[in-house]
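Visitor:
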Amino acid sequence: MTESRTYKLAVAVVSMAAFAAWASPAAAQPDRAEEKPVTRSEFTRFLNDYKQLKADVATLQEENGQLKQQVAELQRENTARRQVDWGAEFETRMSAQRDTIMERVRDEFGPTLDALSPGLTNFTLGGAGVITFQDRQDVDSTFGVGIAPTLLWRPTDRLLLEVEVAFGLTSDDTFVELDYAQVSYLLNDYMTIAGGKFLIPFNTFWERWHPSWINKSATIPLMYERGLIGPTGLGVQVRGGFPIGNMKLNYAAYYVNGPDFENTSFGTAGNLGFENFRDNNNDKSFGGRIGFLPIPELELGYSFLTGRVGDSGSRFDGVDTFIHGIDLSYAREFEAIKGRLDLRAEAIWVDTDRAVFTGPFDPFTFDNKRSGWFVQAAYRPTLSDFTLGDGIELKNTEFVLRFEQVRESGPGPRGADHSRVTLGIDYWIRPNIVWKIAYSHDNVSGDEDENGFFMQFAFGF
Amino acid sequence: MKPLPLLLTLIGVTALTAACLSSGCQKDRTIAEMTMEGAATGSQPSASVVVPPMRKDGARAWAQNCMRCHNIRDPQERSDREWETIVHHMRVRANLTAEEHRLILEFLKAAN
């Protein structure tokens, strides 16, 4: 058994040795295929592959170079941006600190500085200007111009000085006129006292809406054109306003030189003059106005003025006058008519004592009464979106219609009734700049009519 | 003068107004309301004005009093200092109450 095993082991060892000798590289048979030479086509293919790979590597290297350049640029930009941001942040911080310091300075020293420089800091310029063209029946047509700057100076919280000077042209000359010069002082919440030459608070036309950029028509109402009441008074006044629940009442009372009395010309005898800057008698005129606003959009007013008008020491010494008037204004925007309606109406009655006039004419006397009224309606389609052409909007157009009449007593044509209808169209270029055209149809009983066409370019500043 | 035509006209206008106010025209917006809403819609001339809620009383007083006579002016036309002088001037001219003066001035300063 042992011999058999030894024999088997010997056979196995010999077999393994034989296998190892066969499997070893040295003993292995050489591969005849590897020793075969490369063909020309294979070499060409390998060469082409090599060139392609080399080109690919060159492209990749170039792209890599470009990417490196871009990265470098981005890094530079980033560095620069960080520097800029830091500068901006610095500026912001400095600005905030500066504002804080200035605020503290203002809080601490502002009132003192204001008190030291009242004249320079509370001075304001306003006013109005107008360029006109008119073509009236039987009168040569003409252009005109007028500018009236208003200077306001508010030295203290209660005191206000106002001066308006008008510059314009007459038929052959220029004129400069002091429209008004008024000093006013706020006495308390409900009363202001004022003095000087002021716009007269009789009705509302002269005081509130005579400036050409406020007056919606290209003409002024006939009763003011004919001088039933003048634009200004020279004297003192008290005025103010106060609420009554949801309503409001305002008032004005004044004591002025008052009007004087025309008595030298047949054409104007009995009329009142309102440029009585050196009073013609010792009796001053007294007047006032009460305005009542039951709702904010509606104002109703009553005005009066009474006084002696005859020259002292003359035979007209005892001639007195009493003038009174009413006014109404209403403005509201209605959805139903897609716009804003503005109604204004005023009336004046003048009653001056009877006098006998003599001169280069036959003596005459008459019941010296004059009166006038107007009703004006204006409509502006403020809610309309309609546009015409480039930038012309219907909502900037306003249509104005005014009916009016003046009746005067007197001999001959002086006693004529004068009525007028004026239709106008305004175009608002801005809230304070307007282009107006209007046509007036006149009817003068017993005299020539004065129909006319008017244009105005008016502006407020 | 026979005041009949004038009086009839005035009575007619007043009656029309009163009738309107009492019969549904209240749906229509007042000038002040239009102005405040118009600030956003652009339906008013000074459409650039932005009205904070706290300034509504001032905007209302501004619109009601100024538009009674003339178009409202853009608050940005003037500085605070100038508005102080101008509103003082208008207080005297239009008989504004002290409260209206204060409200209007506050509004104009906030809006310019």
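Chains Y and S are the protein sequences, given in the same order.
Per my numbering, the very first residue in the first sequence carries number 361; after that it's consecutive.
Per my numbering, the very first residue in the second sequence carries number 5; after that it's consecutive.
For glycine and all other residues, C-beta sits at the position ideal for the given N, C-alpha and C.
I need the straight-line Cα distance from asparagine 636 of chain Y to leucine 594 of chain Y, nearest angstrom please.
Guide: Roughly 8 Å separates the two Cα atoms.
Visitor: For glutamate 110 of chain S and chain Y, any beta-carbon pair shorter than 9 Å?
Guide: Taking Cβ atoms only, chain Y never reaches closer than 9 Å to glutamate 110 of chain S, which makes this a no.
Visitor: Taking Cβ positions, are glycine 556 of chain Y and alanine 541 of chain Y nearer each other than 9 Å?
Guide: Closer than 9 Å, so yes.
Visitor: Within 10 Å of its beta-carbon, does glutamine 412 of chain Y have 16 or more other beta-carbons around it, so buried, or fewer, so exposed?
Guide: With fewer than 16 other Cβ atoms within 10 Å, it is exposed.
Visitor: Can you name the residues that DSSP bridges to methionine 607 of chain Y?
Guide: DSSP output for methionine 607 of chain Y lists Y/Ile604 as bridge partner(s).
Visitor: At a CB-CB cut-off below 7 Å, which residues of chain Y make contact with valine 91 of chain S?
Guide: Those do not exist, as valine 91 of chain S stays about 10 Å from chain Y at its closest Cβ, beyond 7 Å.
Visitor: Hey, proline 515 of chain Y and leucine 485 of chain Y are a contact pair by Cβ (cut 8 Å); roughly how many whole angstroms apart?
Guide: That pair is no contact at about 16 Å.
Visitor: Could you give the first and the last residue of the continuous beta strand (DSSP E) run that contains leucine 520 of chain Y?
Guide: Here the beta strand (DSSP E) through leucine 520 of chain Y covers 519–529.
Visitor: Just to confirm, are alanine 488 of chain Y and alanine 818 of chain Y a CB contact at a threshold of 9 Å?
Guide: Yes, the pair counts as a contact, with Cβ atoms nearer than the cut-off.
Visitor: Name, please, each residue of chain S whose Cβ falls closer than 9 Å to the Cβ of arginine 568 of chain Y.
Guide: Per Cβ cutoff of 9 Å: Arg72, Cys73, His74, Arg97 and Ala98.
Visitor: Between the alpha carbons of threonine 747 of chain Y and threonine 757 of chain Y, how many angstroms are there, rounded?
Guide: Rounded to the nearest angstrom, the two C-alpha atoms are 11 Å apart.
Visitor: Taking all protein chains shown into account, decide if serine 800 of chain Y is buried (16 or more other Cβ within 10 angstroms of its Cβ) or exposed.
Guide: By the 10 Å Cβ count, serine 800 of chain Y comes out buried.
Visitor: What do you get for glutamate 522 of chain Y, buried or exposed, if any count of 16 or more other CB atoms within 10 angstroms of its CB means buried?
Guide: With 16 or more Cβ atoms within 10 Å of its Cβ, glutamate 522 of chain Y is classed as buried.
Visitor: So for asparagine 424 of chain Y, helix, strand or coil by DSSP?
Guide: If DSSP states are grouped into helix, strand and coil, asparagine 424 of chain Y belongs with the helices.
Visitor: Is the separation between the beta-carbon of threonine 89 of chain S and that of asparagine 482 of chain Y shorter than 9 Å?
Guide: Going by C-beta atoms, threonine 89 of chain S is nearer than 9 Å to asparagine 482 of chain Y.
Visitor: Closest by CA to tryptophan 788 of chain Y, which one among Y/Gln435, Y/Val543, Y/Asn575 and Y/Trp446?
Guide: Considering only alpha carbons, the answer is Y/Asn575.
Visitor: What residues in its chain sit with their C-beta under 6 Å from that of arginine 780 of chain Y, if we drop five residues either side in the sequence?
Guide: These residues qualify, in order along the chain: Leu582, Glu764, Ser800 and Asp802.
Visitor: Name the chain Y residues whose beta carbon is nearer than 8 Å to that of glutamine 68 of chain S?
Guide: Result: Pro656 and Glu657.
Visitor: What do you reckon, are the CB atoms on arginine 767 of chain Y and threonine 782 of chain Y nearer than 9 Å?
Guide: No, they are not a contact pair.
Visitor: Could you spell out where the beta strand (DSSP E) holding arginine 767 of chain Y opens and where it closes?
Guide: First-last of the beta strand (DSSP E) with arginine 767 of chain Y: 757–768.
Visitor: Does the separation of the CB atoms of tyrosine 739 of chain Y and aspartate 702 of chain Y fall below 9 Å?
Guide: In this structure, aspartate 702 of chain Y lies closer than 9 Å to tyrosine 739 of chain Y by Cβ.
Visitor: Assuming glycine 732 of chain Y and leucine 588 of chain Y make a contact with CB atoms under 8 Å, what is their CB distance in whole Å?
Guide: 5 Å between Cβ atoms; contact.
Visitor: Around the Cβ of arginine 714 of chain Y, are there at least 16 other Cβ atoms within 10 angstroms (buried) or fewer (exposed)?
Guide: Flag for arginine 714 of chain Y reads exposed.
Visitor: Is valine 505 of chain Y closer than 9 Å to glycine 528 of chain Y when the C-beta atoms are compared?
Guide: Yes, the pair counts as a contact, with Cβ atoms nearer than the cut-off.
Visitor: Between the alpha carbons of leucine 609 of chain Y and isoleucine 650 of chain Y, how many angstroms are there, rounded?
Guide: Using only the alpha carbons, I get a separation of about 7 Å.
Visitor: Let me check understanding here. Comparing Cα to Cα, which of Y/Gly605, Y/Pro571 and Y/Phe558 lies closest to valine 616 of chain Y?
Guide: Among Y/Gly605, Y/Pro571 and Y/Phe558, the Cα nearest to that of valine 616 of chain Y belongs to Y/Phe558.
Visitor: Contact defined as beta carbons within less than 8 Å: I believe glutamate 607 of chain Y pairs with proline 654 of chain Y. What is the distance between those atoms, to the nearest angstrom?
Guide: Looking at the sequence itself, residue 607 of chain Y is methionine, so the reference to glutamate does not match. Contact holds; Cβ gap of about 5 Å.
Visitor: From the DSSP output, read off the bridge partner residues of lysine 796 of chain Y.
Guide: Lysine 796 of chain Y is bridged to Y/Asp786 and Y/Gln816.
Visitor: Give me the Cα-Cα distance between valine 710 of chain Y and phenylalanine 664 of chain Y, rounded to the nearest whole angstrom.
Guide: One C-alpha to the other measures close to 10 Å.
Visitor: To the nearest angstrom, how far is the alpha carbon of leucine 754 of chain Y from that of aspartate 809 of chain Y?
Guide: Taking the straight line joining both Cα atoms gives about 34 Å.
Visitor: Please return the same chain residues whose Cβ sits closer than 8 Å to the Cβ of glutamine 426 of chain Y, not counting the five positions on each side in sequence.
Guide: Excluding positions up to five away in sequence, the list is empty.
Visitor: List, in chain order, every chain S residue whose beta-carbon is nearer than 7 Å to that of leucine 520 of chain Y.
Guide: Those are His92, His93 and Val96, listed as they occur along chain S.
Visitor: Could you check if glutamate 693 of chain Y is buried or exposed, using at least 16 other CB atoms within 10 Å of its CB as the buried criterion?
Guide: That one is buried.
Visitor: By the 8 Å beta-carbon criterion, what residues does the segment 601–627 of chain Y contribute toward chain S?
Guide: Here the close residues are Gly601, Phe602, Pro603, Lys608, Asn610, Tyr611 and Ala612.
Visitor: Going by Cα to Cα distance, which pick from Y/Gly618, Y/Ser625, Y/Gly633 and Y/Leu660 is closest to asparagine 642 of chain Y?
Guide: That would be Y/Gly618, whose Cα lies nearest to the Cα of asparagine 642 of chain Y.
Visitor: Less than 6 Å between C-beta atoms, sequence neighbours within five positions excluded: which residues of the same chain meet that for tyrosine 545 of chain Y?
Guide: Within the same chain, tyrosine 545 of chain Y has close Cβ partners Arg518, Leu519 and Ile553.
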